[in-house]
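J.: To start, I am sharing the structure in question, which I have written as structure tokens.
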Amino acid sequence: MAKKTENYLDYIPSKSEKVDWRKTDEGLTQIIIYRNSLLDKIVRKLFFTPDKYIVDLDCLGSLVWDSIDGKKSVYEISKIVKDEFGEDAEPLYERLIEYMIILKNNKFIKFI
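In the working numbering, the protein residues as written are 1 to 112.
Structure (structure tokens):
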């Protein structure tokens, strides 16, 4: 029996409520992750680590992040990326799906 594969293009990503973001002066997006757990607080006291860390996205990542609204599918987001970057985004679907998986694994987004 053939193994059923997931079609990530049909998934609808939604941003996590636990993650904040902001725009830089250059128009790029920064994802801000606060370290609020008990373990994080202990580590901060012992090792003087910051209370948050910031992930800087490039122009393609920023466009994808801004397109995630809980309504558009990954396929619809891919069309936005294709319109903006054209051939520079190729291989589009592979890159976009891998990026979405990374965002999901880091709990920046979830699929609804």
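We put the CB at the ideal spot given by N, CA and C, even for glycine.
Can you tell me which of the three DSSP states lysine 45 falls into?
T.: As a first step, residue 45 must be located in the sequence shown, where it is residue number 45. In the structure shown, lysine 45 sits in a helix (DSSP, three-state: H, G or I).
J.: Ends of the beta strand (DSSP E) at aspartate 20?
T.: The sequence position of residue 20 within the sequence shown is 20, counting from 1. Run containing aspartate 20: 19-23, per the beta strand (DSSP E) assignment.
J.: Can you give the Cα-Cα distance for threonine 5 and proline 13, rounded to whole angstroms?
T.: Looking up residue 5 in the sequence shown gives position 5. Looking up residue 13 in the sequence shown gives position 13. Roughly 18 Å between the two C-alpha positions.
J.: Would you list the residues sitting across from aspartate 56 in a DSSP beta bridge?
T.: If you number the sequence shown from 1, residue 56 lands on position 56. Answer is Gln30.
J.: How would you label isoleucine 109, buried or exposed, when you count the other beta carbons within 10 angstroms and need 16 or more for buried?
T.: Mapped onto the sequence shown, residue 109 falls at position 109. Looking at its Cβ environment, which holds 16 or more other Cβ atoms inside 10 Å, isoleucine 109 is buried.
J.: Rounded to the nearest angstrom, what separates isoleucine 77 and glutamate 90 at their Cα positions?
T.: Within the sequence shown, numbered from 1, the residue matching residue 77 stands at position 77. Within the sequence shown, numbered from 1, the residue matching residue 90 stands at position 90. One C-alpha to the other measures close to 14 Å.
J.: For glutamate 98, which option in Tyr34, Leu28 and Gly61 has the closest C-alpha, if you only look at C-alpha atoms?
T.: Mapped onto the sequence shown, residue 98 falls at position 98. For glutamate 98, the nearest C-alpha among the options comes from Gly61.
J.: Can you grab the Cα-Cα spacing for the pair tryptophan 65 / lysine 45, in whole Å?
T.: Against the sequence shown, residue 65 aligns to sequence position 65. Against the sequence shown, residue 45 aligns to sequence position 45. Straight-line Cα distance between these residues: approximately 32 Å.
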